[in-house]
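Single-structure report; data block below.
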Amino acid sequence: PFPRRPFLSTRTTGDGGTGGKGDTPWTKGHDFSLDAMRSARCASSAPSATSCSRRRAALSLPAVPWVLGLPRKAGARMLSDGAEVESFLPTAAEDGFYVFTAKEGATPALRAGTLDPYQLWLPSGWKQMPVPNAISGNYCQPRCDEPWTEVRFEGPAGKMQVIVSPLVKLTNKPNARIDEVGTPERLITAFGPYATGDTIDPDEEVVSAVKEEKNGRTYYNYELFTPYAISGAHNLLSVTTSGSVAVLCAASATEKQWSSQQETLKKAIASFTV
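With my numbering applied, the sequence shown closes on residue 1528, and no number is skipped along the way.
Set out below in structure tokens:
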């Protein structure tokens, strides 16, 4: 009983109308583009003219880069841009290495004050890789019950990552040192799987376990041979504590990478400090 409303095409025609083939008296000679309709709506409502102009101005602004919720400073360059570390990180005391410092506010855990800032050396040619939000700890700070990944790196020599694990399942002592939590032999079975993705057999897969003191903090340093691990056949691990968490710096390599780059990875892991 009612006539069907024709389709309102928004294609521009030669005479300034819209639609082209199939124009009707309702559409011919009229502009039904989004900008035109916004302008008409603003013009028809005088009291809202100011808000309309503000809204239109906002819609026309270019996108602003944001990193970790903070506006990027002009000229600033982030590791996640994909640039190799030697192009923007300061050089380390060892040739071929560059100093990465995770300062306060750089990650969800550091912003929450869950752990102290940390530092490590990265070999030339390495890049920072993105950390998925699901494993970044962003959803549970400042009290996470499960381990999370702080940062990840990849390069010709292998891969590195910093992982944080709450100590609540291992000790109730606040601000416990790593040697107060357990022995190197005990803790590798607790922390090793976070780095390798598989269980650790201390008798078969631990090549070495060394206790080290650096700047008043105790570290457990491990070399693992894990031929069936997800991470790779060769793994290096340095573990310490910060507040109520354990902080792990882990490096992994394939057989091919290890044969030519093991010294590079060992120097990178040895540089790790919290």
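No residue lacks a Cβ here, since even glycine has one placed at the ideal position from N, Cα and C.
Endpoints, the alpha helix (DSSP H) within which residue i is located
{"i": "residue 1435", "result": "1432-1435"}
{"i": "residue 1351", "result": "It is not in any alpha helix (DSSP H) - residue 1351 instead sits in the beta strand (DSSP E) that spans 1351-1356."}
{"i": "residue 1441", "result": "1438-1450"}
{"i": "residue 1362", "result": "1362-1366"}
Alpha-carbon to alpha-carbon, residue j and residue i
{"i": "residue 1407", "j": "residue 1380", "result": "7 Å"}
{"i": "residue 1439", "j": "residue 1456", "result": "7 Å"}
{"i": "residue 1528", "j": "residue 1510", "result": "31 Å"}
{"i": "residue 1319", "j": "residue 1458", "result": "With a pLDDT of only 34 at residue 1319, under the threshold of 50, the placement of this residue in the model should not be trusted, and no figure is reported."}
{"i": "residue 1325", "j": "residue 1397", "result": "Only weak support exists for where residue 1325 lies, its pLDDT of 40 falling under 50; the value from the coordinates is given anyway. Cα to Cα, the separation comes out at about 26 Å."}
{"i": "residue 1441", "j": "residue 1361", "result": "25 Å"}
{"i": "residue 1463", "j": "residue 1417", "result": "19 Å"}
{"i": "residue 1493", "j": "residue 1502", "result": "5 Å"}
{"i": "residue 1448", "j": "residue 1401", "result": "8 Å"}
{"i": "residue 1437", "j": "residue 1491", "result": "15 Å"}
{"i": "residue 1359", "j": "residue 1366", "result": "8 Å"}
{"i": "residue 1395", "j": "residue 1345", "result": "32 Å"}
{"i": "residue 1355", "j": "residue 1374", "result": "7 Å"}
{"i": "residue 1338", "j": "residue 1405", "result": "15 Å"}
{"i": "residue 1434", "j": "residue 1410", "result": "37 Å"}
{"i": "residue 1426", "j": "residue 1465", "result": "22 Å"}
{"i": "residue 1477", "j": "residue 1388", "result": "28 Å"}
{"i": "residue 1480", "j": "residue 1461", "result": "10 Å"}
{"i": "residue 1468", "j": "residue 1393", "result": "32 Å"}
Under 9 Å between C-beta atoms of residue i and residue j
{"i": "residue 1505", "j": "residue 1383", "result": "no"}
{"i": "residue 1443", "j": "residue 1454", "result": "yes"}
{"i": "residue 1475", "j": "residue 1524", "result": "yes"}
{"i": "residue 1352", "j": "residue 1364", "result": "no"}
{"i": "residue 1350", "j": "residue 1386", "result": "no"}
{"i": "residue 1451", "j": "residue 1483", "result": "yes"}
{"i": "residue 1446", "j": "residue 1519", "result": "no"}
{"i": "residue 1508", "j": "residue 1522", "result": "no"}
{"i": "residue 1536", "j": "residue 1420", "result": "Past the boundaries of the shown model lies residue 1536; the chain is included only from 1255 to 1528, so the question cannot be answered."}
Residue span of the beta strand (DSSP E) that contains residue i, given as start and end
{"i": "residue 1377", "result": "1372-1377"}
{"i": "residue 1420", "result": "1412-1420"}
{"i": "residue 1406", "result": "1402-1409"}
{"i": "residue 1502", "result": "1499-1507"}
{"i": "residue 1395", "result": "Element bounds for residue 1395: n/a, residue is neither H nor E."}
{"i": "residue 1381", "result": "1381-1383"}
Residues bridged to residue i [DSSP beta-bridge criterion]
{"i": "residue 1476", "result": "1463, 1491"}
{"i": "residue 1514", "result": "In the DSSP output, where bridge partners are listed per residue, residue 1514 has none listed."}
{"i": "residue 1520", "result": "Answer is none; residue 1520 lacks a bridge partner."}
{"i": "residue 1468", "result": "1471"}
{"i": "residue 1496", "result": "1499"}
{"i": "residue 1527", "result": "1373"}
{"i": "residue 1345", "result": "1352"}
CB contact below 9 Å: residue i versus chain B
{"i": "residue 1363", "result": "Included in the structure is just one protein chain, with no chain B present."}
(request) Specify whether the stretch 1360-1378 and the stretch 1480-1500 touch according to this definition: at least 3 beta carbon pairs, one from each stretch, less than 8 Å apart. (result) yes
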